[in-house]
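Same order as they appear, the protein sequences are chains A and B. Just so we're aligned: the first sequence equals residues 4 to 350 in my numbering. Just so we're aligned: the second sequence equals residues 2 to 558 in my numbering. Remarks on the structure that follows.
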Amino acid sequence: MNKQLILDQVTVQYDAIVAVSDATFALAEGEIGCLLGPSGCGKTTLLRAIAGFESLSAGSISLHGEYISTPKRTQAPEDRAVGMVFQDFALFPHLNVHDNIGFGLSTSSSSEKASRVLEMLELVGLVTVADRFPHELSGGQQQRVALARALAPSPEILLLDEPFSNLDAELRTQLAAEIRLLLKKNKVTALLVTHDQDEAFAMADKIALLNAGKIVQIDTPYKLYHKPGSLFAADFIGKGTIINVGIDASGLLGNNLGRLSVNALPEDLGNTVKLLVRPDDIAYDESSDTKLPIVSKSFLGPNYLYELALKDGQCVPCLTHSHIDIPVGDELPVRFDLRHVVIFNSD
Amino acid sequence: MEIDSRSSGFKSPYQSSGRGWRTYLFIVTAIIAVPMLVIFASLLQPFSSAWQHLFDTVLIDYITNSLLLMAGVGVGTLVLGVSAAWLTAMCEFPGRKILSWAFLLPMAMPAYIIAYTYTGILDFSGPLQTALRDTYQWQYGDYYFPEIRSLGGAICMLSLVLYPYVYMLVRVAFLEQSTAVLEASRNLGKKPWQTLFLVALPMARPAIVAGVSLALMETLADYGTVAYFGVSSFTTGIFRTWYGLGELTTAAQLCALLMLFVFALIMAERWSRQRLRFHHHSAQKKMARLRLKGWRSALAISAGGLIVFLGFVLPASQLAIWASVGWQENLDGDFLTLLFNSFSLAAIAAVCCLIVAVFLAYTKRAFASRAELAAVAVASLGYAVPGTVIAVGVLIPVAWLDNQIDFLSTTWFDYPTGLLMSGTIGLLVFAYLVRFLSVALNTVDSGLTAIKPSIDESARSLGATPSRLLSRIHLPILRTSLLTALLLVFVEVLKELPTTLILRPFNFNTLAVRTYELASDERLVDAALPALAIVIIGLLPVLLITKSILNERFSNE
């Protein structure tokens with residue numbers, strides 16, 4: 004497939020501090036990517052390097068087959084066809100919506116410019132507020148202005164820096180879905196930066212997970228959740244607990260957890276493994292003989308999230324319907340469903 | 002009882018005496034407003050025949066000269082202030098940090114002092130022209146040299162010392178501009194210089210308007226410079242009408258006319274401060290300054306250096322040279338009396354301003370209803386009103402009152418009291434209070450806003466009595482603001498010329514008055530010692546602002 008954006012072994016350094024090292028990542032035309040990671044992992048630095056606000060100390064960035072950043076040459080931000088939606092939207096406070104969106108259009112003819120602005124206003128559904136100033140708009144409207152302004156000059160790629168962090172929680176998921184639809188319909192190549200996995204899952208075709216300046220895994224949202232490639236990924240994505248369990252050659256786990264099918268096991272396994280247990284890996288089963296004491300529980304509306312103690316004291320989560328209401332201290336009958344469980348070598 | 006005291010929150014400490022406090026508030030603001038009311042009431046008086054004379058002769062001059070002065074100083078402070086702010090806030094070059102505080106130095110230099118210093122430097126007999134004549138063997142009349150004692154000269158002098166108002170406000174505006182907004186402009190294809198004119202400057206527009214308005218208020222208030230340069234403007238006209246023609250009412254009516262100009266500026270400043278709210282965006286990231294290299298960097302250093310040199314270094318050095326020439330004869334008992342007079346006067350005025358400011362600020366905080374806010378706003382208008390106007394507004398009612406008392410006392414008790422209040426220190430201090438109250442009030446007010454009502458509430462819910470609340474919470478938080486307010490008023494009073502000139506007791510001299518008198522008598526060398534004293538003390542508030550600039554997160558990299 005035609006690669007629109009290629010990051011090749013990118014390293015960004017501030018004086019002695021390495022913010023991002025050896026990052027390799029590519030996006031095809033029309034694909035929506037995401038840089039996901041905890042704060043300070045270097046994801047924003049990487050985005051700013053693509054926009055031209057940071058220089059590389061090693062590696063290269065190319066857009067549509069042309070190098071835009073190398074250690075020797077950083078093309079100026081204004082000279083690259085990269086659109087960006089900023090975290091606080093960064094709308095120009097002295098310009099109205101119409102002029103904000105038209106700011107980046109360089110066409111000489113004013114009628115062409117006006118028609119492009121109108122097209123953008125229609126695209127984001129803001130025709131009625133074209134004359135308003137940014138401070139007269141709601142947060143969601145401001146964000147759509149920022150999006151329209153970034154898309155107006157038809158950039159080769161759209162960058163979104165934590166685009167939902169300034170919005171109400173309820174608005175976020177709705178807007179994420181809306182924006183994904185809009186970008187897909189217009190075949191926009193886009194790269195999103197976020198620390199919120201729900202946003203990443205809702206928006207992206209492909210996620211690069213970052214930790215401490217390095218890309219640790221690049222995968223689809225589904226694989227990232229169900230097949231985390233590292234303990235960090237397992238810990239960061241989704242809810243779950245990592246426990247240490249003994250195991251023998253036949254796949255029998257300690258703590259009465261049951262038996263793993265041998266051909267699913269990685270080779271050269273030690274005597275203990277680390278096991279990622281998601282809340283849905285342990286199911287409530289009235290008829291089960293396995294009963295675990297309840298350490299704590301929290302009410303989530305449709306569900307209860309129980310924390311159960313294993314024989315050796317380690318805790319595991321269990322998600323049940325909220326009708327299953329058993330007091331803390333009592334025991335919960337459960338069945339282990341180990342088909343999807345993720346195993347790491349213990350060292 | 003429990004619930005009562007909690008629901009009424011921070012108001013409770015004052016509640017028992019609430020009505021008393023509010024009554025005092027209105028009495029205090031009414032007294033402070035008297036001078037202004039007198040000025041406007043003068044418009045109701047019949048216009049004397051002196052107006053015909055004014056119309057025929059000098060009034061047009063007063064108006065055109067004041068307008069030209071404002072236009073010139075407006076452009077001058079705009080260009081100097083915005084360039085200085087742009088260089089230190091948005092660019093990076095060697096010496097930027099030094100310049101960012103050095104740009105404030107001219108604030109320490111009162112306009113009338115820089116005016117007479119430059120006159121000494123640039124006059125026919127001054128060092129520059131003498132050197133030119135010696136070098137080129139010229140004689141008098143052989144060459145053209147611009148006349149400093151002119152309208153253009155006054156514009157230059159005032160611009161050189163007033164641009165820091167623009168610089169301070171615009172610099173903060175630039176620093177607080179969201180870096181993301183500037184980056185957004187680059188991201189949308191605009192070059193750095195396009196970003197300056199399309200985004201950064203328009204966004205700083207409210208700060209620019211506010212800064213220039215303040216500079217122009219000072220321009221209208223200036224008496225020393227225009228009087229020394231012989232430029233007919235409103236302030237000199239008021240003096241002339243009063244002392245020359247002896248027309249008190251006409252002088253007050255001229256003051257009222259001048260206030261029209263002042264109110265236009267107040268409106269402009271208020272309007273722009275309101276706009277500032279919308280333009281405020283906090284910058285989250287460290288500012289990436291534009292790195293100047295090669296000739297650009299050299300240009301930045303020399304342009305910035307030249308502004309500071311002309312506005313402070315050169316005149317201050319000239320003063321120091323003159324002072325060192327004559328200090329042995331000038332540093333005598335008279336000078337010490339001068340120092341004592343000035344310092345004690347300024348200290349008394351500062352303490353009075355502080356007491357009233359604290360009272361007003363607390364009352365406003367406790368009873369923030371529309372009437373109280375309006376009263377406090379009226380009381381703090383003084384900063385915009387020229388000292389000459391306040392002096393006239395103070396003198397007229399007091400003279401009237403003195404005469405009434407004298408008349409009654411003579412008729413009833415056959416005992417002439419003479420003028421009881423006119424020409425007393427107390428009256429002078431009252432005029433300072435009217436003029437500089439806002440300086441203290443703004444400082445105390447901004448300190449007090451740091452103590453949110455919830456802090457009071459939490460302290461009281463933890464069992465603190467009102468007095469404990471004051472001593473353990475408010476005073477420690479406010480201490481810096483209170484000291485700053487004292488210092489600012491102290492220095493302003495020390496520098497103030499026209500108010501002192503009109504209202505001082507007979508034979509009572511201050512540093513400012515003495516400097517002005519000696520300079521007017523062309524005794525420039527003798528004037529240098531008191532002038533230098535004013536400049537050095539004027540540096541104190543500059544140091545204070547400098548400290549806060551150095552503490553900014555942006556300048557520490």
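Ideal Cβ placement from N, Cα and C applies to all residues, glycine included.
Residue interval of the beta strand (DSSP E) (run including V219/A): K217 to D222
Per-residue contacts from R469/B into chain A (C-beta, under 9 Å): Per Cβ cutoff of 9 Å: no residues; R469/B is ~41 Å from chain A at best.
E177/B: contacting residues in chain A (beta-carbon distance under 8 Å): Neighbours of E177/B on chain A: none; closest Cβ ~12 Å, over 8 Å.
Length-filtered (4 minimum) alpha helix (DSSP H) runs lying within the region 145-216 of chain A: At a cut-off of 4 residues, the continuous stretches assigned as alpha helix (DSSP H) that sit fully inside the region 145-216 of chain A are 172-188 and 200-206.
Whether L487/B touches A362/B by CB criterion (8 Å): no
For I535/B and M204/B, the rounded distance between their alpha carbons: 37 Å
Proximity test, Cβ basis, 8 Å: N557/B and chain A: Caution applies to N557/B, whose pLDDT of 35 falls short of 50 and renders its modelled position unreliable; the model cannot decide the point.
Cβ neighbours of L69/B in the same chain (closer than 7 Å, five flanking residues each side left out): L152
8 Å Cβ shell around G539/B - same chain, five flanking residues per side excluded: M108, A109, M110, P111, V492, L495 and K496.
Cross-strand partners of D11/A (DSSP beta bridge): S63/A
Between the CA atoms of V88/A and A151/A - distance to the nearest angstrom: 9 Å
is_contact[P41/A, chain B] using C-beta, thresh 8 Å: no
Buried or exposed by the 16-neighbour rule on C-beta atoms within 10 Å, applied to Y416/B: exposed
Proximal chain A residues relative to L293/B, where beta-carbon distance stays under 7 Å: Those within 7 Å of L293/B in chain A number zero; the least Cβ separation is about 16 Å.
Inter-residue Cα distance where the pair is E81/A and K75/A: 18 Å
Backbone CA spacing between L10/A and T223/A [nearest angstrom]: 18 Å
Under 9 Å from the C-beta of E184/B: neighbouring residues of chain A: R51, A54, F56, P80, M87, F89 and A93
Cβ pair A179/A, A205/A closer than 8 Å: yes
Three-pair Cβ contact test at 8 Å for the region 323-343 of chain A versus the region 290-298 of chain A: yes
Among G55/A, K294/A and D288/A, nearest to K192/B - alpha-carbon criterion: G55/A
Residue closest to V357/B, alpha-carbon to alpha-carbon, out of F235/B, V435/B, M158/B and I456/B: V435/B
Below-8 Å beta-carbon distance, S109/A vs any chain B residue: The beta carbon of S109/A sits closer than 8 Å to some beta carbon of chain B.
Minimum Cβ-Cβ distance from H97/A to chain B less than 8 Å: Interface residue, yes.
Chain B residues whose Cβ lies nearer than 7 Å to that of P156/A: L189 and G190
At least three beta-carbon pairs within less than 8 Å, the region 72-80 of chain B to the region 183-203 of chain B: no
Cβ neighbours of A257/B in the same chain (closer than 8 Å, five flanking residues each side left out): I40, F41, S43 and L44
C-beta neighbour in chain B for F302/A, strict 8 Å: Between F302/A and chain B, the shortest Cβ-Cβ separation is not below 8 Å.
Between the CA atoms of A79/A and A149/A - distance to the nearest angstrom: 21 Å
P203/B: contacting residues in chain A (beta-carbon distance under 7 Å): Neighbours of P203/B on chain A, chain order: H97.
Q405/B, DSSP secondary structure in three states: helix
Within chain A, partners of V200/B - CB distance below 7 Å: F95
Which listed residue (K453/B, S345/B, L409/B and L355/B) has its alpha carbon closest to that of T481/B: L355/B
CB contact below 8 Å: F106/A versus chain B: yes
Closest residue to R290/B among A31/B, L88/B and L55/B (Cα-Cα distance): L88/B
Three-state secondary structure (DSSP) of N557/B: Reliability fails at N557/B, whose pLDDT of 35 lies under 50, so the model's placement of it is uncertain and no value is given.
Per-residue burial, L502/B [other beta carbons within 10 Å of its own, 16 or more giving buried]: buried
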